[in-house]
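Asker: Sharing a structure, written as structure tokens. Questions coming.
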Amino acid sequence: MIRFMQGLVMAAIVCGGALARTAPPDKSNFDAIGQKIAKEQAAPGFAYLVWSHGNVVFAKGYGFADVAAKIPVTPSTHFAIGSISKQFTAACVLLLIQQGKLSLDDKLAQYVPGMPNADQITLRMLLNQVSGLHNYPLTTEHNWPLSGEIPPEKIIDVLRTDKPDFAPGERWEYSNTNYAVLAYIVARVSGIPYADFLQKNIFAPLGMTSSGSGFAAQSNTATPYQGTPGNFSEAKPRISLDLFYGAGSIVSTAQDLARWDAALIDGSLLHASSMQDLWTNGKLPNGTPINYAMGFIATSIGTHREVWHNGFAPNAGGYCYNAIFPDDNLAVIVLSNAPDPAFRSKAEEIVQATLTLYDPKINEPASPSASLKDDPTVHGLALKMWDQLSSGKLDRSLLSPEMNAAMTPQLLAAVGPQLQSVGKLESISLSEKAPMSKGTNYIYAARFSTGEHKIQIFVATDGKVGGYRLLP
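Per our numbering, residue 55 is the first one in the sequence shown, and the count goes up by one each step.
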């Protein structure tokens, strides 16, 4: 399964397909998934954990946390989890809201004056990533400090000088600045540093004894690597996690993240209304839906509701993935020291394969139906979108507003090589068709020069493409 963070907007297909509570699959089945990925040498090392109905049912490390020193990865290996940190920052804000110290409608100017458009940007806009604040840290734009302790004020002072990319609420666009600013607000309102707030209100209460934030927690993390499978080298220079602040500074383990996921699923940390905000994709002020909640993306695999986020802190950590299936009481955690995109599709493959162990039907073809008729227009759209996304030349008039906003130039540039990796598209045939409230979801069986996969395309009622992705 290849899904593209920050971009390909896919309507969630929620049909109430919760897994029955039965005995978990045998551990050897999980291990077979991990061993397959390990043999492909897609990462120097990674940890793989499965949590279900209150228990860790599988946890194992593969490969090395440090190749030169031959230090193996274990479920307790420390990883810099990158943008998975955003869900923790969002939770900090929601905790302060529960305490009556913040409101989602508060303006940014109230807490961080001097930021661009601060009098128009709300905390909700920051959490949903629709503020228009320019992304950071782009080293070509500023002489960012890269090592040691970096005071948050130094980061915020630089961000105050950046011009916004668009008007607040105009569209969705992923920006680390949103969550750096939110962490700064958490510190100002609580009166203690962001890292201390995390420790006091999340890590300690949940028993996440191996988690921390920033440069102070970085020394014992798995060594980050750069390059491609079979040609990895240590990523240098190492960048201080302080630079990523609330957008990506957390260090954790697979075991600790299981405690985090469990607390979210059982509702022991946040109120029900806060969980609704955390896990529900937002909307623009004009009502247009977006494909981002608060540090999570809400989507589905088949009939299984999924909330997830990935993370990658360049030169500080590797590609990481946290997937929660709330209705199924299931969570899958994959943490690596490999770069993005080298390990991206492999992490997603692990999640998909794990869910398949619990529900083999998600990979079964739809039952043949005489009434299943392909729409030539949609068939053509599916082929055209593949060609355009593969080549990086996109006709944006074909896209819905939310997909157009999500498909940034940076994402488009990253998508092409991933699609090309499965070879030439030879043919497609319709296998599933599901009418929905705002359009129709189509799944095509696709034959490539390297094998068979599926292509999923969501077409809105106005004929615009609202979602597109490659499935196994």
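Each residue gets a CB set at the ideal place from its N, CA and C atoms; glycine is no exception.
Please confirm if the segment 359-376 is in contact with the segment 126-137, defined as three or more CB-CB distances below 8 Å between the two stretches.
Answerer: They touch, by the three-pair rule.
Asker: Alpha carbon to alpha carbon, how far is residue 130 from residue 308? Give it in angstroms, no decimals.
Answerer: So the two alpha carbons sit approximately 6 Å from each other.
Asker: Under 8 Å, do residue 310 and residue 269 count as touching if we go by C-beta distance?
Answerer: Not a contact, by the Cβ cut-off of 8 Å.
Asker: Identify, in the order they occur along the chain, each residue of the same chain with its Cβ nearer than 6 Å to the Cβ of residue 421, setting aside the five sequence neighbours on each side.
Answerer: The predicted model places residue 421 with a pLDDT of 49, which falls under 50 and marks its position as unreliable; any figure quoted below should be read in that light. Same-chain partners within the cutoff: there are none.
Asker: Strictly by DSSP, which residues pair up with residue 146?
Answerer: According to DSSP, which records beta bridges pairwise, residue 146 is partnered with nothing at all.
Asker: Leaving out the 5 sequence neighbours to the left and right, which residues in its chain are closer than 7 Å to residue 407 when beta-carbon positions are compared?
Answerer: Taken in chain order, the residues that qualify are 87.
Asker: Since residue 226 and residue 253 are thought to touch, with beta carbons under 8 Å apart, how far apart are those beta carbons, to the nearest angstrom?
Answerer: Between residue 253 and residue 226 the Cβ distance is about 31 Å, and since that is not below 8 Å, they are no contact.
Asker: Using only alpha-carbon positions, find the residue among 132, 435, 472 that is nearest to residue 513.
Answerer: Among 132, 435, 472, the Cα nearest to that of residue 513 belongs to 435.
Asker: Count the other CB atoms, across all protein chains shown, that sit within 10 Å of the CB of residue 335; report buried if there are 16 or more and exposed otherwise.
Answerer: Counting Cβ neighbours within 10 Å, residue 335 comes out buried, since at least 16 surround it.
Asker: Have a look at residue 480 and residue 445 and give me their C-alpha separation to the nearest angstrom.
Answerer: Each residue's Cα considered, the two are about 16 Å apart.
Asker: Check the C-beta distance from residue 304 over to residue 142 and give it rounded, since I have them as a contact under 8 Å.
Answerer: 6 Å between Cβ atoms; contact.
Asker: Residues in the same chain with beta-carbon distance under 7 Å from residue 174, minus the five sequence neighbours each way, listed in chain order, please.
Answerer: Correct list, in chain order: 222.
Asker: Could you compute how far the alpha carbon of residue 147 sits from the alpha carbon of residue 409?
Answerer: Answer to the nearest angstrom: the Cα atoms are 31 Å apart.
Asker: With residue 285 as the anchor, note down where its beta strand (DSSP E) starts and where it stops.
Answerer: Segment 285-288, the beta strand (DSSP E) holding residue 285.
Asker: Which one of 185, 212, 187 has the shortest CA to CA distance from residue 199?
Answerer: Closest by alpha carbon: 212.
Asker: Let's see if you can read the secondary structure: which residues bound the beta strand (DSSP E) around residue 513?
Answerer: It spans 505-514 - the beta strand (DSSP E) in which residue 513 sits, taken as one unbroken run.
Asker: Does DSSP classify residue 409 as helix, strand or coil?
Answerer: DSSP places residue 409 in helix when its eight states are reduced to three.
Asker: Under a three-way DSSP split, which group does residue 104 fall into?
Answerer: The answer is strand: DSSP assigns residue 104 an E or B state.
Asker: Using only alpha-carbon positions, find the residue among 378, 489, 470, 220 that is nearest to residue 459.
Answerer: Of the listed residues, the one whose Cα sits closest to residue 459 is 220.
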